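Structure record follows, encoded as structure tokens.
Chains as they are written, first to last, in the working numbering: chain V, 342 to 723; chain G, 342 to 723; chain R, 342 to 723; chain A, 342 to 723.
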């Protein structure tokens, strides 16, 4: 059994909760869950979602079912009634939703930052979650260098919402038990030395940063394909456009820059040289909804100086892809806790994250990271 | 130093010889040679091409330079004078060129099959090649089940040209020294138990079958990308069309079938189920020349039952891609000999071949095969 | 009001009948019906489908609803009850379904060719259809050169099913009233001088051949785009693969050749020179169903000798596209009759057909044919 | 004979001059020149380029050959010596190059705006050009509403460089003879009522605005293809990225907005409704050079409510495409003058321009505009 709390009640939360409910009932196969075909100590059926936290006034006080109604409209997919059992509570804001066209208020706006953290910790001490999944909208944020900076800024309300949630989770672990924090957005958490250090200190687990879905892992594997043949990549261009809240948030240049950093760090890591690249979230077009369009173009030099070209276009349901990954990350969070891990786990991050922590870690091909992950789990691909 | 003989004086032979000469002179970087960035005991500069064998009357008696003139026209690339030192001698035909619009005669047509084999062996005992690279046009051929069948049919002229060459190489090894045979076309050689057995017996090395260039290795890595995320592949379609001799030969349904078999064996091997697929050489259009066009489309089910689509289009210089692989295979052939290997080497085949021998071997993702190859070489990716 | 009979009760018939019923009820907009936004004398709502004719024993005696159940499964679209009112009667076979995996019997197999034709004519004299829509599976067929050949061979059972249907329609017109025959498959009907002549003689209208849906009209407009900029097309490659009955039938080389002819005639017609091209139905893959995948690649020379490339990939619902066209062709058939037309009408064929009759007609850009069509109708684009 | 002056000595100027020289010598065919296959009163060979005007200090005082050396490097194409005869003189700046990494100074910076205009007019009265081609880098600019505003602002230095050049041309025409001004960039000139009025008044010809090359005309024809089949376009996305100066200038948001306006005006004009669209210059990546990458995706509803998708990717040499168009525009400028035209000519603009003037003109499919253009010329497509 693994008890999970979701931070951010939007597209991904809806898909995660709906997909899990359907898998449990046998209505759909666990496709998109990377480790579904292996026998892990924690089963997909063991996952229970306790609550979701949000700052959008229109959502707080309702259930995840109400959010899913909007998310699933026009998809032709049904919403399980089970989502009515997942309440949406008020969480931390700290400016994280300010570019979105929503009325948002954080717990800290109501009771001040210290009391807000205190209330969350108390709530969690009652709920007893094992894993926290952070999937709030992409926000602007900076690395936290030391444990002192982490504590000090958290209590002054000077960190991003994600980092403040991470701080509250650490306090919860200190006070009431073990837990793992999964950061699936670009905010540097597993890449913040100060946060990793504090998590180690309190005995909490941290996975991050930025869930590796969409075109990024495919690009990583494609770059490795080039590297393994010693092809010289002349340039790589990657566009992507979508119509969900995350793409809307990325029209804010500062948030776009957050995403770009996590995405393009892999080019040099994998190729061994910084091939010219243009890899960024490119646009927002509402009617695309959650199904994004990705276009990629790559040119390289082959043997004898000849030039080859590859063009990739894709249409990908953005949120389900991440929800499938989170299904495993929740299970791995519990497994890591049970193993007594503390701090962050590169073997997990390297496969699941766009910018795998800890800071300074290498971004490697996903196909290689997958083998490392299996090894960490005591499993084998062949 | 490694001394090589090329069987089949066409596009690939021209690109291999020209590329090697340019790398030696420092005119081009060794791009497209997978292991170029590792320090192998045999250097690229150590490769020497002694001769090429052909059955096209228009080529026999000339030099590889004369063939390259045709191959390189309209490419904007120069041809090194060094190719004038590579003579084209008459080789085995056995029907291998019969669908091509060329006048072809084999050594066996002139002196009978036994004497033809004998002459080749004698020539080679003088030339002292270490590695034989088979790149004749795709031919129709069947598996050879036992060493007895191999010997008997070879001497009756009942094997394909490739298999007969393999037999002659085995005889050369028996009589005059060590050697490796690299089969870069679909003819089952490393997948013929009878041939592998005989090579082991005589102490010869065999790599094969069908050099993994073009869309096939990319497809393999893409399928692994799906498998590692437990995505359900609904179907995969892959078209490819080119204008070189090999595509022309593939307009012959029997040869096309040879290619199809080596290409589609990987779907089930990698995914674990036989996803519906259409993967075959699709057409011939002369003006495309050696630069083929590949179109691929794949649909899969993601988390929660949502459907995603990927489209890949590529323009690839066919022969240089294989020539780059052969550069390493020649070096690996010599390395295997020096290590005292005999029979075939799966660790080499798994990365470099579309249908890796020995018979029954699994077709795995190239990115994983690459790690195995490095391990076999005592090297490491990270 | 226009009364229509459908020849061939498969995918297209199902989509045509279902779409019409939904448009009539206001459930869907008339998208995909080219002239829907103009005020034609015959409205979409005026179309009534009387019956469908088939040779598949599993369908004859049922209603179009029963066929649609299979066609619409997995599409997420509903089937209107109205289809239960469209009976499927036994039609002409003449070998047209012989490569399909169905048990087929024609009326001629039951009562002989002459009596079969006679029975159809009598049935129609009762039903009083205005327009016949031929959408049987692609069959092998030859041009009919003279009216004498037409009559003689029709009565001997030596014509294809389509041509025999055309003959029966002509007899119906002679005996019981006006009618139009719309040939939406590659069989030469509007391109058979003998059939056109006979239709003129009896006062019947004929549109054909081969409905211009899918990639062909797009290719035509793309080629015109090149021609209007005087770009030199170096080559054009077009693949397409689907999973419906028509693609299955096209795995028969003779039928494939039928399709290829109608498709590639346009290259020289539009460009003014025969640019190298590979344009053919390429494959069959059942899980693609009615949604085909098209891949296209074109290279051309621009100003100053520079080379540009275009890649097009598409996923197209094959049968709805044709059904939308047929909706207009049925209306145009009645309009032509009402105007007193006889023989074939190039202005209609040029826009709607892949191989517009009469024989020797030029295949022009669809965007130009559209203007001609509007002019014929007394309408204007601007 | 037609005497031309080029405003802006960059990529397009180099390709125009080089291509013309090569066509004159018979070294290349006039591909990419739309009307090359018709017999116009002015031949391509009649074009003479007299001079180019620039503000980049590194270019002024040199010849176009010196610029072409940089433009043609790595293309594999040669530069005709004839370009050494085309001097680069100092032109108007007015902030047009301020975002580019060049040291720029305008004539007006040296002698004041009035004297700068006066000097240009005097120079031209000696040179006697018939046609002025404006191809300076995309600049920020506003519409000029009245002839009074035009005159007043021009003399105060308050107009953009392009508009000031247009004013100088009008003065030249008043004083020394007939001329045409071809505006191939987004600055509103043919779309400025004040400028068109003044040109009419003085008897000068004006074509504009923004040469229709690249993906825009293809998109226009594709949208028409949808409109003619009454397909409901759900959305259209179009990305493009390049590495030439123009893409660099477009990284400036204000200039990007200029381009976007001219590009997306066509969606509603052609479809009849404003389908959701994202059509903008998307990025700059230096190694792409002048060869841009375009990715397009379009989804639409077909008959019966079924959804289809089209994906287009292209690699296009940006400047040669425009240079080919300019070759005709120069000829058409002279033809219009000889016919006694004044003001702007919609029939020319509709085919050649992204935002055809005069203000309020409809953006129509290029294939239809082509027919109008031929009609204006007394020619016919068929």
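Where a beta carbon is used, it is the ideal one built from N, C-alpha and C, also for glycine.
Computed from a predicted structure; not experimentally measured.
- The alpha-carbon separation between residue 453 of chain V and residue 434 of chain V amounts to approximately 12 Å.
- Close to chain G, meaning a Cβ-Cβ distance shorter than 7 Å, are the following residues of the segment 630-658 of chain V: 642, 643, 644, 645, 646, 647, 649, 650, 651, 652, 653, 654, 655, 656, 657 and 658.
- In the DSSP assignment, residue 353 of chain A falls within the unbroken alpha helix (DSSP H) covering 352-365.
- The alpha carbon of residue 369 of chain V has as its nearest neighbour, out of V:713, V:480, V:691 and V:661, the alpha carbon of V:661.
- Going by C-alpha positions, residue 465 of chain G is about 7 Å away from residue 513 of chain G.
- Taking a Cβ-Cβ threshold of 7 Å, none of the residues of chain A is close to residue 609 of chain V; the smallest such distance is about 15 Å.
- For residue 409 of chain A, same chain residues with a beta-carbon under 7 Å away, outside a window of 5 residues either side, are 355, 359, 420 and 424 in chain order.
- In this structure, the alpha-carbon of residue 363 of chain R lies about 13 Å from that of residue 643 of chain A.
- Here residue 389 of chain G is not near residue 350 of chain G, since their CB atoms are 7 Å or more apart.
- Assignment of residue 634 of chain R by DSSP, reduced to helix, strand and coil, places it in the strand class.
- Ranked by Cα distance from residue 703 of chain A, the options A:538, A:684 and A:610 are led by A:610.
- For residue 553 of chain A, the secondary structure class from DSSP, reduced to helix, strand or coil, is coil.
- Secondary structure at residue 395 of chain V: strand, using DSSP grouped into helix, strand and coil.
- Residue 685 of chain A and residue 473 of chain A have their C-alpha atoms roughly 14 Å apart.
- Between residue 671 of chain A and residue 555 of chain A, the C-beta spacing is not below 7 Å.
- Proximity of residue 624 of chain R to chain G, defined by a Cβ-Cβ separation below 7 Å, is satisfied.
- Residues of the segment 567-585 of chain V that bring their beta carbon within less than 8 Å of a beta carbon in chain A comprise 575, 576, 578, 580 and 582, in sequence order.
- Contact annotation: in the segment 362-394 of chain A, residues whose CB is within less than 9 Å of a CB in chain R are 363, 364, 368, 369, 370, 371, 372, 373, 374, 375, 376, 377 and 378.
- The Cβ atoms of residue 624 of chain A and residue 582 of chain A lie closer than 7 Å to each other.
- Per DSSP, residue 546 of chain V lies in no alpha helix (DSSP H); the unbroken beta strand (DSSP E) holding it starts and ends at 546-548.
- Under the 8 Å Cβ criterion, the segment 682-702 of chain A counts as touching the segment 529-549 of chain A, having at least three qualifying pairs.
- Residues 424, 425, 426, 427, 428 and 429 of the same chain have their beta carbon placed closer than 8 Å to that of residue 404 of chain V, with the five preceding and five following residues left out of the count.
- Between residue 530 of chain V and residue 550 of chain V, the C-beta spacing is below 7 Å.
- Check the Cα spacing between residue 535 of chain A and each of A:463, A:695, A:481 and A:700: the tightest is with A:700.
- For residue 626 of chain G, the three-state secondary structure derived from DSSP is coil.
- Within chain G, 582, 624 and 626 have C-beta atoms less than 7 Å from the C-beta of residue 619 of chain R, given in sequence order.
- Looking from the CA of residue 371 of chain R, the closest CA among A:371, A:688, A:677 and A:646 belongs to A:646.
- Under the DSSP assignment, residue 526 of chain R falls outside any alpha helix (DSSP H); it carries neither an H nor an E label.
- For residue 428 of chain A, the pairing in a beta bridge is given by DSSP as A:404.
- For residue 652 of chain V, the enclosing beta strand (DSSP E) begins and ends at 648-658.
- DSSP, read as helix, strand or coil, puts residue 664 of chain V in helix.
- Interface annotation, residue 691 of chain R: not in contact with chain A, CB-CB separation never under 7 Å.
- For residue 585 of chain R, there is no enclosing beta strand (DSSP E), as DSSP marks it with neither H nor E.
- Residue range 343-348 is occupied by the beta strand (DSSP E) that includes residue 348 of chain G.
- Any Cβ of chain V closer than 7 Å to the Cβ of residue 360 of chain G would place that residue at the interface, and such an atom is present.
- In the pairwise beta carbon analysis, the segment 495-503 of chain A is classified as touching the segment 444-461 of chain A: at least three pairs are separated by under 8 Å.
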